[in-house]
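Step one of this worksheet: look at the structure below.
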Ligand SMILES: C[S@@+](CC[C@H](N)C(=O)[O-])C[C@H]1O[C@@H](n2cnc3c(N)ncnc32)[C@H](O)[C@@H]1O
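In our numbering, the protein residues as written are 60 to 259.
Structure (structure tokens):
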């Protein structure tokens, strides 16, 4: 069976090491990816936001600014060290009170089930290719979102070839999401979805 037949089973890429976290939070990345624009586009004041695979919080901080005091960001990562770095940066910008950090397992987000159906928007930026079971991940994200909630994911083109990205988009479409937009997130592949009213 090829990966095309079974899109959940692409070979897994290595987890981005926390020892290289500084590479994810640079002036160059800020200019290139404009995390402030991304937050403005998808996040509103008062929203509940999931930043899955948040790393050192490069995007998380902009989401936290945007949700304001009435919103909340859940920053989820596999690596404790990444969350520690993210917390330090959020604290130094007085944003930590708006953010819940959560260390997940490699095969499950593991947020409390009471949070299901309560998120307005979810992001998975440059992380899906590091996850062993993307289908399970998409189902978990769909469960966390409100009906009609937004899911944005982006993958780097060199690490994730076009065909693999197409398979992931199709997989998300079979996991409770309706694709609403395909774009380039600057130089990276990106897709935006809405959670279906009745989850798949
Ligand atoms: C390339 S970094 C991207 C970080 C951040 N989204 C950014 O773009 O600045 C990928 C992150 O995903 C996390 N990660 C990898 N596999 C994961 C998993 N199964 N569950 C949650 N996080 C995971 C890594 O620990 C790392 O922090």
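The beta carbon of each residue, even a glycine, is placed where N, CA and C say it ideally should be. What you are looking at is a predicted structure, and each value in this text was computed from that prediction instead of being measured.
Worksheet item: If we count Cβ pairs, one from each stretch, closer than 8 Å, do we get three or more for the stretch 95 to 110 versus the stretch 119 to 138?
Response: yes
Worksheet item: How would you label residue 252, buried or exposed, when you count the other beta carbons within 10 angstroms and need 16 or more for buried?
Response: buried
Worksheet item: Do residue 84 and residue 117 have their C-beta atoms within less than 7 Å of each other?
Response: yes
Item to complete: Kindly confirm or deny that the stretch 235 to 254 and the stretch 206 to 216 touch, where touching means at least three C-beta pairs closer than 8 Å.
Response: yes
Worksheet item: Whose CA, out of 97, 247, 93, 122, lies closest to the CA of residue 186?
Response: Scanning 97, 247, 93, 122 for the CA closest to the CA of residue 186 turns up 247.
Item to complete: Can you check DSSP and say which residues form a bridge with residue 134?
Response: 110, 160
Worksheet item: Rounded to the nearest angstrom, how far is the Cβ of residue 165 from that of residue 139, given a contact under 8 Å?
Response: Not confirmed; about 13 Å, so no contact.
Discussion item. I need the straight-line Cα distance from residue 156 to residue 197, nearest angstrom please.
Written reply: 28 Å
Discussion item. Whole angstroms are fine: how far does the CA of residue 245 sit from the CA of residue 233?
Written reply: 26 Å
Worksheet item: Say the cut is 6 Å; is the CB of residue 136 nearer than that to a heavy atom of ligand 1?
Response: yes
Item to complete: Could you name the residues that DSSP lists as bridge partners for residue 196?
Response: Bridge partners of residue 196: none, in fact.
Worksheet item: Leaving out five residues before and five after residue 132 in sequence, what residues of the same chain have Cβ atoms less than 7 Å from its Cβ?
Response: 108, 110, 119, 122, 123, 126, 157, 158
Item to complete: Work out the CA separation of residue 93 and residue 99 for me, nearest whole Å.
Response: 10 Å
Item to complete: Can you give me the start and stop residues for the alpha helix (DSSP H) that residue 126 sits inside?
Response: 119 to 126
Worksheet entry | heavy atom of ligand 1 below 6 Å from residue 189 C-beta | Yes, the beta carbon of residue 189 sits closer than 6 Å to at least one heavy atom of ligand 1.
Discussion item. Looking at ligand 1, does it come within less than 6 Å of residue 228, judged from the CB to the closest heavy atom?
Written reply: Judged by the Cβ position, residue 228 fails to qualify as a neighbour of ligand 1 at the 6 Å threshold, every heavy atom of the ligand being at least this far.
Item to complete: Quick one: residues in its chain with C-beta nearer than 7 Å to the C-beta of residue 193, no 5 flanking neighbours on either side, listed in chain order?
Response: Around residue 193: 67, 187, 227, 230.
Practice prompt. Would you mind listing the alpha helix (DSSP H) stretches within the stretch 209 to 241 that are 4+ residues and don't spill past its ends, in chain order?
Written response: 221 to 232
Discussion item. Please list the terminal residues of the continuous alpha helix (DSSP H) segment that includes residue 179.
Written reply: Where residue 179 is concerned, there is no enclosing alpha helix (DSSP H), although the beta strand (DSSP E) it sits in stretches over 178 to 184.
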